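Residue 1076 in the working numbering sits at position 289 of the sequence shown, with consecutive numbering throughout. Okay, so here's the structure we're looking at.
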Amino acid sequence: MQERVVPRPSFHAGQLSRGEAVLILSSAALMLSIAMGLRQSLGLFQTPVVQDLGLQAADYAMAIAVQNIIWGVTQPFAGALVDRYGPRRIAVLGAVIYAIGLAVTATAKGAGPITLGAGVLIGIALSCTTSGIAANVAARVIIPARRSLAFGMVSAAGSIGTFFAAPIGQAVMQAGGWRVALWAFFVLSLLMLPAAFLAGKAGRLPNSTAADKDLTLVGALDEARRHSGYVIMSLAFFVCGLQLVFLTTHLPSYLALCGMDPMLGAQALAVIGLFNVIGSWGFGWLGDRYSKRMLLGSIYIIRSLVMAAYFLAPVSPASTLIFAAMMGLTWLGVIPLLNGLVVQMFGIKFLSTLTGIAFFSHQVGSFLGAWGGGAIYDALGSYDRALQAGVIIGLIAGFAQLLAHDRPTRRLAEDASAQAIGAAPRPAES
């Protein structure tokens, strides 16, 4: 008797082969990895750029702050375009703009071009090449039961880029200067073009279900406005941006003030990137099994306590790398949980739009983290007040997220109820 072969369970949409699904997800992950890796390494350039061009710390911090606010303002629009037309055209355009932004920055001779290149252009490009777009790709490709894990795996890819980009950037900068390092980043950014094109193949897959096929953009925005859990989640996301961008922008300068080797800042960013691979994957896995709301609130609280412990203790290479590892575990773990909560509350049809709106709040926090940190340092000669504020509001955001609700909208609840009734076994006829 021939043994029956049990097929492996599918993790992807039925319209795709396993190979196609892996290719699309890998391409989205590569695009995200390069975009985030280069962006999160820009803090390494603050000290040499300021010294070479005769700027103040607040000038460079302003460029990064502008980047974050532009990213936040344009993300909902990029998300809406992806929800409507698919990811390919938007992602490829973003990759082109990213390369142009790096070229403008590499040739800058003053604060204005730095703000245009690293701020405006890269800010626009990030809205078209990072987690909002990668999540849209993953949501189309992956079956619902595995989406949180998929969001986590794609998000983890964003940190692999930081693990490689930060040491490469620092090494090239020490050998040839900051302009040569930025041109090296320009070459790396060109790899996003084929990655964006291949990830865009997800655009041929549907992004709606029976519960939301008739939902309009206006209707989705109205649902989000009236959902207190979504509003609280978006406001708490502000703190996430403030803490993370403060660290990526100012940690290298803070370590230099403490007399540490300049390479330590790059090593710390690389360690953050490495451990974020574990954290993003881990929180994505946990999000498929436990309350995403509780996990998200816990991340904000843990991150704030780790920041407080590090900056209260004496700074050393060992404490810095331990701090970087702990921060890395909670760095982008918020992304799969937030994406999963949006799908849980509203469905996937307008996922990129609604996460984009929440991300705007994140980027307002990022603006204050980048520019505010530099302004406080210029005014007081110390980062202490900025650090204290970041810890306090992080704890507030964490507890607020724990207390928020995450119930699906009435539309989704009614559809789930109807499906449950339809799937219920009929009583046997007598």
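The beta carbon of each residue, even a glycine, is placed where N, CA and C say it ideally should be. The structure presented is a predicted model; accordingly, all values stated were derived computationally and were not measured.
Beta-carbon contacts of residue i that lie in its chain and below 6 Å, excluding the five residues immediately before and after
i: TYR1170; result: TYR1041 and TYR1164
i: HIS1037; result: GLY1160
i: ILE1144; result: PRO863
i: LEU1061; result: PHE950
i: LYS1007; result: Strictly speaking, residue 1007 in this sequence is Ala, with Lys absent from that position. Answer for ALA1007: PHE1137, listed in chain order.
Cutoff 7 Å; reference residue i; Cβ partners in own chain excluding five residues on either side
i: PRO794; result: The pLDDT assigned to PRO794 is 47, lower than 50, so where the model puts this residue is not dependable, and the model offers no usable value.
i: PHE984; result: ARG875 and VAL879
i: ILE911; result: ILE857, THR861 and ILE884
i: SER804; result: none
i: ALA986; result: ILE811, SER814, ALA815, MET818, PRO874, ALA878 and VAL924
i: LEU1051; result: LEU1042, PRO1104 and THR1107
Span of the alpha helix (DSSP H), counted from its first residue to its last, around residue i
i: ARG927; result: 918 to 928
i: TYR1097; result: 1079 to 1099
i: MET1047; result: Careful: MET1047 lies outside any alpha helix (DSSP H) and carries neither H nor E.
i: PHE973; result: 965 to 976
i: HIS1149; result: 1138 to 1154
i: ASP1165; result: 1160 to 1167
i: PRO900; result: 898 to 901
i: ARG1076; result: Here ARG1076 belongs to no alpha helix (DSSP H), and DSSP marks it neither H nor E.
i: ASP1171; result: 1171 to 1190
i: ARG826; result: 805 to 826
i: PHE832; result: Where PHE832 is concerned, there is no enclosing alpha helix (DSSP H), given that its DSSP letter is neither H nor E.
Whole-Å CB distance - residue i paired with residue j, under 8 Å assumed
i: LEU1029; j: GLY1152; result: 4 Å
i: LEU1189; j: ASP1075; result: Actually they do not touch by this definition, with Cβ atoms about 20 Å apart.
i: LEU1004; j: ALA867; result: 7 Å
i: TYR1077; j: ALA1023; result: That pair is no contact at about 18 Å.
i: VAL1058; j: GLY1120; result: With a Cβ gap of about 16 Å, VAL1058 and GLY1120 do not count as contacting.
Status (buried if at least 16 other CB within 10 Å, exposed otherwise) for residue i
i: ASP839; result: exposed
i: LYS988; result: buried
i: ASP1193; result: buried
i: ASP870; result: buried
i: ARG934; result: buried
i: PHE1070; result: buried
i: LEU1099; result: exposed
i: GLY897; result: exposed
i: ARG1197; result: exposed
i: THR894; result: exposed
i: TYR1017; result: buried
i: ILE1135; result: buried
Own chain, CB closer than 8 Å to residue i, minus 5 neighbours either side, in chain order
i: VAL967; result: VAL959 and MET960
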